[in-house]
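To convert, note that position 13 of the sequence shown is 914 in my numbering; the numbers rise steadily by one, no gaps. Yeah, the Cβ is synthetic: ideal placement off N, Cα and C, and Gly gets one too. Keep in mind the model is a prediction, meaning the values are calculated, not measured.
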Amino acid sequence: MKNKKKIPYIEQSSSSECGLCVISMIFSYWYVEYTVNELKEIWKVGRDGLSLLSIKKIAVENQFKVDAIRIKKNIVINTPLITTLPEHPHYIIIESEDRENYHIVDPAVGRYKLKKSKFWNTNSIGLIIVPKESTEVRKNLIYRKYYKELLSKIIVKLLFILLFTICVQSLSLLIPMSLKYITEKNIGSYILKLGYIKIIILLLILVSLNFTINCFREYLSVNLKIYLQKTIASSFVEKILKLKLDFFKYNSEADILHRYNGNVVAREMLTSNLISLMMSFGILITSLIYISFTSHSIAIICLTLIIIISIISVYMTKRSKDFVIDEILTQSKSNSILSEILKNIEIIKLKSSEKYFYEKWKECFDRYIRSYKDRAYWSIKFDVLFSSFQIIIPLLITLISISEYLHGEISVGDIIAYATISLNIFAPLENFLKTIEDIVYSNEYLKRLVQIFNLKNEENLNSGEELYNWDGSITLKNVVFSYNMENERVLSSVNLEINSGECIGISGKTGSGKSTLILVVLGLYDIEEGNIFYGNNNIRNINKHSLRKQIGIVTQNMTVLNKSIRDNIVFGEDNISDDIVKKACESAGIWEEIENMPLKLDTILSEEGNLISGGQKQRILIARAILNEPKLLIFDEAYAHLDKKTEDEIRYSIDKMSCTKIFITHSIDTLKSCEKIVCMESGKIERIYTNVPV
902 MKNKKKIPYI EQSSSSECGL CVISMIFSYW YVEYTVNELK EIWKVGRDGL
952 SLLSIKKIAV ENQFKVDAIR IKKNIVINTP LITTLPEHPH YIIIESEDRE
1002 NYHIVDPAVG RYKLKKSKFW NTNSIGLIIV PKESTEVRKN LIYRKYYKEL
1052 LSKIIVKLLF ILLFTICVQS LSLLIPMSLK YITEKNIGSY ILKLGYIKII
1102 ILLLILVSLN FTINCFREYL SVNLKIYLQK TIASSFVEKI LKLKLDFFKY
1152 NSEADILHRY NGNVVAREML TSNLISLMMS FGILITSLIY ISFTSHSIAI
1202 ICLTLIIIIS IISVYMTKRS KDFVIDEILT QSKSNSILSE ILKNIEIIKL
1252 KSSEKYFYEK WKECFDRYIR SYKDRAYWSI KFDVLFSSFQ IIIPLLITLI
1302 SISEYLHGEI SVGDIIAYAT ISLNIFAPLE NFLKTIEDIV YSNEYLKRLV
1352 QIFNLKNEEN LNSGEELYNW DGSITLKNVV FSYNMENERV LSSVNLEINS
1402 GECIGISGKT GSGKSTLILV VLGLYDIEEG NIFYGNNNIR NINKHSLRKQ
1452 IGIVTQNMTV LNKSIRDNIV FGEDNISDDI VKKACESAGI WEEIENMPLK
1502 LDTILSEEGN LISGGQKQRI LIARAILNEP KLLIFDEAYA HLDKKTEDEI
1552 RYSIDKMSCT KIFITHSIDT LKSCEKIVCM ESGKIERIYT NVPV
């Protein structure tokens, strides 16, 4: 079976995806193209990623043959293999080797070299994956499909812009033709007879025409850019909000934002670059046709030079692509580290770890600068080469045309026309090839966007059965959940019945599965086996928005927005009066403190709630949870930052509510107020106490 010349690079979007990425790259190398997301749909990958055994299993099930080898000094690597970094359990591909180094393809950072001795000293194991005779070629058309859909929306606008651009360029092509005509027909004296005023008026008309057409073209171009940015950005944000919770667990905020910001680069690719590409190509063809009608030999020389320059350009663009990928990845990674620093600045200062985090960021940023420099220097070679061509080629064509004139094959007018039109060929050629390089650069950003668009949405988020007249009762039957195909079950055969209006306490050691159980109950994680019923409605059929609107929740990790207290409590709900907000705040024991603030409900809370105490933040979150009098109320250590007196007051208010209540807690006082206590151990319900003192 044929293979590609080199391993196609596929970037991992989270730390746990390196295993799937190397599989996808190896498969694609053998023309069996699967996206990481397609593999993820079949093979569930969690926090800890995949083992070599799982990678082998995936390859075998996709009709590949797998051989394991130990990477030693005498091993010659002729076929790419999957292994891990010597000092870190992270999957990479050894693509090839030279005398001292292995050539690495790393899904986290791109291509680089590593000393062979590093692998020899650790006795690394590698998997060689090759296709069987029964393996079938598979093409991945996801990117092409997205591009086609996007282009279908803008093709009419593009054609209008192209039409106006052709008009502008047609005016510029009149110059060499006019020079030829003036020279050959000797009409200079006739032009002088017209008088300077008429000539100036004629020129003004041409300038005005050119100005008007250009204005219309730029107006259409700006509108197209606005449309594209709105379309791509809106689609991206809408898609992000529909994704499963897992995505946000395994992808950094900075990486998501970096992908989002790529829509600006993608916009330029689909407007300015695409129009420039089409226009430059059009001018090239038109100019060549014009020359071929008057001089076949010069046309052949021009065509030969174009082919030679294009071959050089294709090579340079392919080489540039590696620099582009490395630059984008290192920029994204340095942004992620900076985001991490900003989020954890308090603990960084408390631990005096500023130097460590600065060095960590600087190391990654320096690599980004090196990647940028490599790409920029490569582009300089590209630019200088074409600048040289722009000087040499028009001169060469002029000399050849003079030679043909001396042999009586062309006229003086033709010499002037060729000299002018040679600029009209090689300036657009340079622009054409440079635009291709820009498109390669932009395409990497667009691919990162398309990777997000291709992710599977959370099921039944806006579809499924509406949850009407639910009384707050929940039944779990043999519920099983694990984070990936290898991990032990986080929840195993969980059976639990919660009656309407009942107060349940869930307790257990750290890591026993309490918080995971709540996320499963909320439908944020999909269960593998068993069923969850809300009243008589199965979670697999319920509209999840309809369910979650009837649930109030406070978790350990919840935070507040950089908005007013009112906005933080209302949280986008419609038709919520200040009286309703006040009632919720009173029940949460925070109203008096809000009243004492100068701006009251309009007081702005900083991001993460750094301008208020932990207890105040927690009570605002409690007010948000109870605002709409939910059918189910879930508190996951919601009283952790409260003093005993405040906790008792809030608990008294909560106890008066008629809804079903679930408390995840280690607090004895909270457990005492519960009608039923569920004790968990290693993902199982060990015991359920009913009306038993703690």
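Bounds of the alpha helix (DSSP H) holding Ile1303 are 1255-1307.
Within the DSSP bridge table, the entry for Cys1404 names Lys1562 as partners. Between Phe1382 and Thr1417 the beta-carbon gap is near 7 Å, inside 8 Å, which marks them as a contact. Setting aside the 5 residues that flank it on each side, Cys919 is surrounded in the same chain by Gln913, Gly950, His991, Tyr992, Pro1008, Ala1009, each with a C-beta closer than 7 Å to its C-beta; the list follows chain order. Straight through space, the alpha carbons of Leu1239 and Glu942 are spaced by roughly 32 Å.
The three-state secondary structure of Ser1568, taken from DSSP, is coil. Scanning its chain for C-beta atoms nearer than 6 Å, with the 5 sequence neighbours on each side dropped, one finds around Ser1233 the residues Asp1156, His1159, in chain order. For Ser1173 and Asn1164, the gap between their C-alpha atoms comes out near 14 Å. When rounded, the separation of the alpha-carbon atoms in Ile970 and Asn979 is 13 Å. Counted as a single uninterrupted DSSP element, the alpha helix (DSSP H) harbouring Asp1227 occupies residues 1197-1244. The Cβ atoms of Ile1535 and Ile1470 lie no closer than 9 Å to each other.
The segment 1154-1193 contains, as complete alpha helix (DSSP H) runs of 4+ residues, the segments 1154-1169 (chain order). Excluding five sequence positions before and after Ile1505, the CB atoms of its chain that fall closer than 6 Å to its own CB belong to Ser1465, given in chain order. Under the 10 Å beta carbon count, Asp1537 is surrounded by 16 or more other beta carbons and is classified as buried. Taken atom to atom, the span from the alpha-carbon of Leu1350 to that of Ile1407 is near 41 Å.
The Cβ-Cβ distance between Arg1268 and Gly1584 does not fall below 9 Å.
Under the three-state reduction of DSSP output, His1446 falls in the helix class. Looking at Lys1415, Lys1040, Lys1126, Ile1443, the one whose alpha-carbon comes closest to that of Leu1362 is Ile1443. By the neighbour-count criterion, in which a residue is buried when 16 or more other Cβ atoms sit within 10 angstroms of its Cβ, Phe1333 is buried. Here Ser997 is bridged, per DSSP, to His1004. Here Met1170 is buried, its C-beta having at least 16 other C-beta atoms within 10 Å. Residue state for Gly1412 is assigned as coil, using DSSP reduced to three classes.
If you draw a 10 Å sphere on the C-beta of Met1498, you find fewer than 16 other C-beta atoms in it, and that means exposed.
With contacts defined as CB atoms closer than 9 Å, Thr1561 and Ser1447 fail to qualify as a contacting pair.
By the neighbour-count criterion, in which 16 or more other beta carbons inside 10 Å mark a residue as buried, Cys1116 falls on the exposed side.
The beta-carbon separation of Asn1355 and Ile924, rounded to 17 Å, does not stay under the 8 Å limit for a contact.
Excluding sequence positions up to five before and after Lys1445, its CB lies within less than 6 Å of the CB of Asn1361, Leu1362, Gly1424, all in the same chain and listed in chain order.
Shortest Cα-Cα distance from Trp1021 to any of Leu1015, Ser1235, Ile972 involves Ile972. Segment contact: the segment 1483-1499 against the segment 1520-1530, three or more CB-CB distances shorter than 8 Å; contact assigned.
The three-state reading of DSSP puts Pro1329 in helix, counting H, G and I together. Here the C-alpha atom of Ile1029 lies approximately 18 Å from the C-alpha atom of Thr1023.
In this structure, the straight-line span from the alpha carbon of Asn1245 to that of Lys1252 is close to 11 Å.
Apart from the 5 residues on each side of it in sequence, Leu1146 sits with its Cβ closer than 6 Å to the Cβ of Leu1425 in its chain, given in chain order. Ser1323 and Gly1183 have their C-alpha atoms spaced approximately 15 Å apart. In this structure, Tyr932 and Val1031 do not form a Cβ contact; the two beta carbons are roughly 12 Å apart against a cut-off of 8 Å. For the pair of segments examined, the segment 1476-1485 was found not to touch the segment 1565-1582: the number of CB pairs separated by less than 8 Å stays below three.
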